[in-house]
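Asker:
There are 2 protein chains.
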Amino acid sequence: MKDKFCVIMAGGAGSRFWPFSRNERPKQFLDFLGTGSSLLQMTYNRFRKIIPAENIYIVSNRIYRDLIMEQLPELPEGNVLLEPTRRNTAPCIAYAMNRIAKVSENANVVVAPSDHLILKEDEFLDTIQQGFDFVSENDALLTLGIKPSRPETGYGYIQISEGDGLLRKVRTFTEKPNQEMAKIFMDSGEFLWNSGIFLWSIPAIRKSFETLLPEMANKFKQGTEVYGTPREQAFIDEIYPLCHNISIDYGIMEKAPNVYVLCSDFGWSDLGTWGSLYDLSPKDENRNVSNRCQAMFYDSKDNIVVMSEDKLAVVQGLEGYIVAESGNALLICKKEEEQHIRQMVNDITVKYDGKYN
Amino acid sequence: MKDKFCVIMAGGAGSRFWPFSRNERPKQFLDFLGTGSSLLQMTYNRFRKIIPAENIYIVSNRIYRDLIMEQLPELPEGNVLLEPTRRNTAPCIAYAMNRIAKVSENANVVVAPSDHLILKEDEFLDTIQQGFDFVSENDALLTLGIKPSRPETGYGYIQISEGDGLLRKVRTFTEKPNQEMAKIFMDSGEFLWNSGIFLWSIPAIRKSFETLLPEMANKFKQGTEVYGTPREQAFIDEIYPLCHNISIDYGIMEKAPNVYVLCSDFGWSDLGTWGSLYDLSPKDENRNVSNRCQAMFYDSKDNIVVMSEDKLAVVQGLEGYIVAESGNALLICKKEEEQHIRQMVNDITVKYDGKYN
Chain C
0 MKDKFCVIMA GGAGSRFWPF SRNERPKQFL DFLGTGSSLL QMTYNRFRKI IPAENIYIVS
60 NRIYRDLIME QLPELPEGNV LLEPTRRNTA PCIAYAMNRI AKVSENANVV VAPSDHLILK
120 EDEFLDTIQQ GFDFVSENDA LLTLGIKPSR PETGYGYIQI SEGDGLLRKV RTFTEKPNQE
180 MAKIFMDSGE FLWNSGIFLW SIPAIRKSFE TLLPEMANKF KQGTEVYGTP REQAFIDEIY
240 PLCHNISIDY GIMEKAPNVY VLCSDFGWSD LGTWGSLYDL SPKDENRNVS NRCQAMFYDS
300 KDNIVVMSED KLAVVQGLEG YIVAESGNAL LICKKEEEQH IRQMVNDITV KYDGKYN
Chain S
0 MKDKFCVIMA GGAGSRFWPF SRNERPKQFL DFLGTGSSLL QMTYNRFRKI IPAENIYIVS
60 NRIYRDLIME QLPELPEGNV LLEPTRRNTA PCIAYAMNRI AKVSENANVV VAPSDHLILK
120 EDEFLDTIQQ GFDFVSENDA LLTLGIKPSR PETGYGYIQI SEGDGLLRKV RTFTEKPNQE
180 MAKIFMDSGE FLWNSGIFLW SIPAIRKSFE TLLPEMANKF KQGTEVYGTP REQAFIDEIY
240 PLCHNISIDY GIMEKAPNVY VLCSDFGWSD LGTWGSLYDL SPKDENRNVS NRCQAMFYDS
300 KDNIVVMSED KLAVVQGLEG YIVAESGNAL LICKKEEEQH IRQMVNDITV KYDGKYN
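Just so you know, the sequences run in chain order C and S.
One point on numbering: in numbering that gives the first Met the number 0, the residue at position 2 of the first sequence is 1, and numbering is uninterrupted.
One point on numbering: in numbering that gives the first Met the number 0, the residue at position 97 of the second sequence is 96, and numbering is uninterrupted.
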């Protein structure tokens with residue numbers, strides 16, 4: 000199918016994984032699981048099996064251009080779309096959709112984050128194919144929902160409408176629930192994890208932008224003449240900073256009337272927290288995880304230790320901690336307090352003027 | 000005084016300070032306090048003020064020869080005495096005494112560890128001078144006792160005899176006391192910390208060895224002809240491994256009838272534990288210590304963090320821990336469990352075949 004396109008969003012700063020993830024090389028560019036490929040490379044290679052390289056676009060911050068070209072040498076240089084500044088996912092997607100429209104006005108597009116983990120690739124690709132089939136025939140915005148395997152409080156949920164089959168109308172998107180609510184969600188069978196992977200046709204998403212984010216849609220429309228020309232970057236650099244900082248979820252998906260979900264199960268994790276990496280990792284008899292490095296544990300349990308391959312950690316008397324060391328920085332933090340890591344990184348940025356970012 | 004000599008014992012493995020202290024560069028060779036000098040250099044420079052370089056001897060393991068020559072370039076090469084293997088302090092001292100006897104039969108000698116901290120140098124040198132005066136005129140073994148400033152359970156104590164003045168006969172040496180006993184010791188005014196710094200004349204210590212460790216004395220006596228000649232090292236390499244592994248305290252000081260103590264107060268610490276380094280170090284408002292590195296603490300107190308100068312540690316939710324990182328290893332251990340570090344280092348040695356020692 001020549002009109003299948005893919006947009007991989009790779010502009011995140013990954014500060015929740017500091018110090019392993021750094022400003023100059025965030026999470027998506029790291030060989031996070033020690034497999035020999037970065038998360039971005041794994042994401043690209045996955046889509047590459049069903050989509051030709053020239054139809055795959057990466058959107059990222061301009062500072063990561065060289066990293067992307069280095070990690071994806073096969074990718075045409077013009078398929079790297081560079082944001083001059085961070086503005087969340089709605090402007091990022093608006094840019095990519097306008098650019099693809101210039102190439103193929105009726106393209107069907109899958110949009111995916113670059114830093115998620117997918118364990119069952121065959122199931123994933125089948126799901127994407129089903130999604131393409133659906134959006135190519137319907138004026139619909141489709142999101143992939145994941146059957147919950149545990150009452151996770153770190154994810155947003157999607158409530159589905161009643162009916163049969165795997166394709167359902169979305170009833171509501173929900174915020175991250177508390178533990179009790181997450182359990183109710185899971186037991187009900189009506190709620191799926193929101194994966195943040197979307198499919199739609201160019202006409203369908205264009206109409207949604209024009210209706211729900213008209214100001215933004217208008218900004219990008221002004222560039223119709225320049226997309227794909229040498230003037231594109233200057234145009235983007237000018238209008239991008241003027242866009243509202245807003246997510247596609249909040250700006251479009253939660254408000255559009257034609258949003259559907261495809262119920263999926265392909266071993267997905269957003270790898271959004273140290274906790275999720277801990278959950279996914281093999282554990283010793285005291286449920287300690289050591290990622291990449293050597294580690295010896297004494298009177299310790301439920302910890303995750305991540306250091307580089309050549310290092311040894313000796314840990315005594317810790318329970319439920321993250322120990323992460325990379326380059327010039329070490330973090331020790333209770334797993335249950337990891338939502339504060341982002342703030343700590345802010346503190347560090349201010350105090351040390353970016354030296355340890 | 001030409002007959003004043005000094006022996007600095009620098010053969011320790013320093014494994015209690017792993018990973019900061021490593022097999023190939025133990026504690027005494029490290030700039031432990033970030034002053035720009037190693038503990039050995041500080042010790043040498045202190046004695047150098049009252050003793051000429053040619054009268055200062057360093058006894059250490061053969062593997063540290065180059066380190067010593069590098070750190071003490073002024074020292075005559077022949078003044079580095081090399082043990083082929085570790086045999087505790089009695090053989091080390093027997094060797095040094097025999098060697099010095101060859102140069103000066105009636106020398107007065109101070110013997111000191113290389114890795115102690117002394118804050119009040121003037122008081123220390125005055126004390127050493129008083130000690131030399133005493134041992135040059137008396138057939139006595141003198142040890143320096145330190146007026147306790149706290150009920151420390153990490154040190155051995157010396158009970159002094161009744162009397163006036165700072166020079167007293169030793170009544171008993173004691174093992175490390177428990178907390179309650181340490182408090183009684185301190186309150187009594189009769190107990191001093193055992194510093195492990197000794198003074199004596201060659202004739203006095205020779206007599207003690209001949210009486211209390213005759214087998215060892217005899218071994219070293221056989222080399223009288225070779226000390227100071229090119230055959231010395233081969234002789235030492237042959238007899239040293241045959242010596243009993245025994246400390247000078249246990250072998251001589253606790254048994255000799257003529258042991259005296261000079262009551263001293265020169266800001267001494269044996270720097271024997273992370274806890275002692277913690278106690279000595281400046282602290283923030285939550286009693287956290289960061290040594291060399293940068294550190295940021297959240298919900299944390301009573302910790303000591305030691306990493307290299309260019310590093311940052313971010314510590315959340317820790318209380319009373321040691322965090323020490325150097326080279327290819329990181330240690331996290333409760334301060335109160337640090338007596339087990341030595342065992343952990345043994346475990347590491349076995350498991351990783353010395354890779355992290």
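Backbone N, C-alpha and C define an ideal beta-carbon position, used for all residues, glycine too.
1) Name the one or two DSSP bridge partners that residue 365 (chain S) has.
2) Along chain S, in chain order, which residues have C-beta atoms closer than 8 Å to that of residue 328 (chain C)?
3) Against residue 317 (chain S), what residues of chain C qualify as contacts under a CB-to-CB distance less than 8 Å, listed in chain order?
4) Output yes if chain S places a C-beta closer than 8 Å to the C-beta of residue 347 (chain C); else output no.
5) Rounded to whole angstroms, what is the Cα-Cα separation between residue 167 (chain S) and residue 190 (chain S)?
6) If you draw a straight line from the C-alpha of residue 112 (chain C) to the C-alpha of residue 104 (chain C), how long is it?
7) Under the rule that 16 or more other beta-carbon atoms within 10 Å means buried, what is residue 243 (chain S), buried or exposed?
8) On the CB-based measure, 16 or more other CB atoms within 10 Å of its CB, does residue 249 (chain C) come out buried or exposed?
9) According to DSSP, is residue 15 (chain S) part of a helix, a strand, or is it coil?
10) Rounded to whole angstroms, what is the Cα-Cα separation between residue 13 (chain C) and residue 22 (chain C)?
11) Measure the C-alpha to C-alpha separation of residue 27 (chain C) and residue 71 (chain S) and round it to an integer number of angstroms.
12) Does the Cβ of residue 68 (chain C) have 16 or more other Cβ atoms within 10 Å, making it buried, or fewer, making it exposed?
13) So residue 315 (chain C) is in the beta strand (DSSP E); what residue range does that whole segment cover?
14) Bridge partners for residue 325 (chain S) per DSSP, in chain order?
15) Kindly say whether residue 174 (chain C), judged by its beta-carbon, lies nearer than 8 Å to any beta-carbon of chain S.
16) Run through chain D and tell me which residues come within less than 7 Å of residue 322 (chain C), C-beta to C-beta.
17) Cβ atoms of residue 198 (chain C) and residue 141 (chain C): under 8 Å apart, would you say?
18) Three Cβ pairs or more, each shorter than 8 Å: is that satisfied between the segment 327 to 336 of chain S and the segment 299 to 317 of chain C?
19) Report the residues of the segment 0 to 23 of chain S with a CB closer than 7 Å to any CB of chain C, ordered along the chain.
20) Report the option in S:175, S:208, S:73 whose CA atom is closest to the CA atom of residue 216 (chain S).
21) Tell me the DSSP secondary structure of residue 286 (chain S) in three-state form.
22) In terms of residue numbering, what span does the alpha helix (DSSP H) encompassing residue 100 (chain C) cover?
23) Is it buried or exposed for residue 363 (chain C), if we count other Cβ within 10 angstroms and need 16 for buried?
24) So who's on the other strand from residue 158 (chain C), going by DSSP bridges?
25) In whole angstroms, what separates the C-alpha of residue 324 (chain C) from that of residue 31 (chain C)?
26) By the criterion of Cβ-Cβ separation under 9 Å, what are the contact partners of residue 336 (chain S) in chain C?
27) Rounded to whole angstroms, what is the Cα-Cα separation between residue 91 (chain C) and residue 82 (chain C)?
28) State buried or exposed for residue 3 (chain C), treating a residue as buried only when at least 16 other CB atoms are found within 10 Å of its CB.
29) Is the CB-CB distance between residue 258 (chain S) and residue 144 (chain S) below 8 Å?
30) Just the Cα atoms here: how many angstroms apart are residue 186 (chain C) and residue 283 (chain C)?
31) Any contact of the segment 285 to 296 of chain S with the segment 144 to 158 of chain S, i.e. 3+ C-beta pairs under 8 Å?
32) Confirm, please, whether the CB-CB distance from residue 279 (chain S) to residue 116 (chain S) is below 8 Å.
33) Could you give the DSSP three-state label for residue 111 (chain S): helix, strand or coil?
34) Near residue 169 (chain C), which residues of its chain fall below 6 Å by C-beta distance, leaving aside the five closest residues on each side in sequence?
35) 8 Å is my cut-off, CB to CB: does residue 360 (chain S) come that close to chain C?
36) Closest to residue 45 (chain S) by C-alpha separation, out of S:114, S:18, S:180, S:102, would be which residue?
Answerer: On the basis of the data shown:
1) Residue 365 (chain S) is absent from the structure shown; chain S starts at 0 and stops at 356.
2) The contacting residues are 310, 311, 312, 313.
3) Counting only Cβ-Cβ distances below 8 Å, residue 317 (chain S) has contacts in chain C at 331, in chain order.
4) So, interface residue.
5) It is roughly 11 Å from the alpha-carbon of residue 167 (chain S) to the alpha-carbon of residue 190 (chain S).
6) Going by the C-alpha atoms only, they are around 23 Å apart.
7) So residue 243 (chain S) counts as exposed.
8) Its Cβ having fewer than 16 others within 10 Å, residue 249 (chain C) is exposed.
9) Here residue 15 (chain S) sits in helix by DSSP.
10) Looking at the two C-alpha atoms, the distance is approximately 8 Å.
11) Rounded to the nearest angstrom, the gap between the Cα atoms of residue 27 (chain C) and residue 71 (chain S) is 50 Å.
12) Residue 68 (chain C) should be labelled exposed.
13) Counted as a single uninterrupted DSSP element, the beta strand (DSSP E) harbouring residue 315 (chain C) occupies residues 311 to 315.
14) Paired residues: S:328.
15) Against chain S, the CB of residue 174 (chain C) has no partner CB under 8 Å away; the residue lies outside that interface.
16) Chain labels in this structure do not include chain D; the protein chains are C and S.
17) Yes; because the gap between Cβ atoms is below 8 Å, this pair is in contact.
18) The segment 327 to 336 of chain S, when compared against the segment 299 to 317 of chain C, does touch it at the 8 Å Cβ threshold.
19) Going along the segment 0 to 23 of chain S in chain order, one finds no residue with a Cβ nearer than 7 Å to chain C.
20) Considering only S:175, S:208, S:73, the residue with the shortest C-alpha distance to residue 216 (chain S) is S:208.
21) Here DSSP, grouped into helix, strand and coil, assigns residue 286 (chain S) to coil.
22) For residue 100 (chain C), the enclosing alpha helix (DSSP H) begins and ends at 88 to 102.
23) Nothing can be reported for residue 363 (chain C), as the shown portion of chain C is limited to 0 through 356.
24) Per DSSP, C:171, C:190.
25) Rounded to whole angstroms, residue 324 (chain C) and residue 31 (chain C) show a C-alpha spacing of 13 Å.
26) The contacting residues are 297, 298, 315, 316.
27) Near 7 Å, if we compare the C-alpha coordinates of residue 82 (chain C) and residue 91 (chain C).
28) Buried: at least 16 other Cβ atoms inside 10 Å.
29) Residue 258 (chain S) places its beta carbon 8 Å or farther from that of residue 144 (chain S).
30) Near 30 Å, if we compare the C-alpha coordinates of residue 283 (chain C) and residue 186 (chain C).
31) No, the segment 285 to 296 of chain S does not touch the segment 144 to 158 of chain S.
32) Taking 8 Å as the Cβ cut-off, residue 116 (chain S) and residue 279 (chain S) qualify as a contacting pair.
33) Here DSSP, grouped into helix, strand and coil, assigns residue 111 (chain S) to strand.
34) 157, 258, 260, listed in sequence order.
35) Because residue 360 (chain S) is not part of the residues shown, which for chain S are 0 to 356, the question remains open.
36) Relative to the Cα of residue 45 (chain S), the nearest Cα in the group S:114, S:18, S:180, S:102 belongs to S:114.
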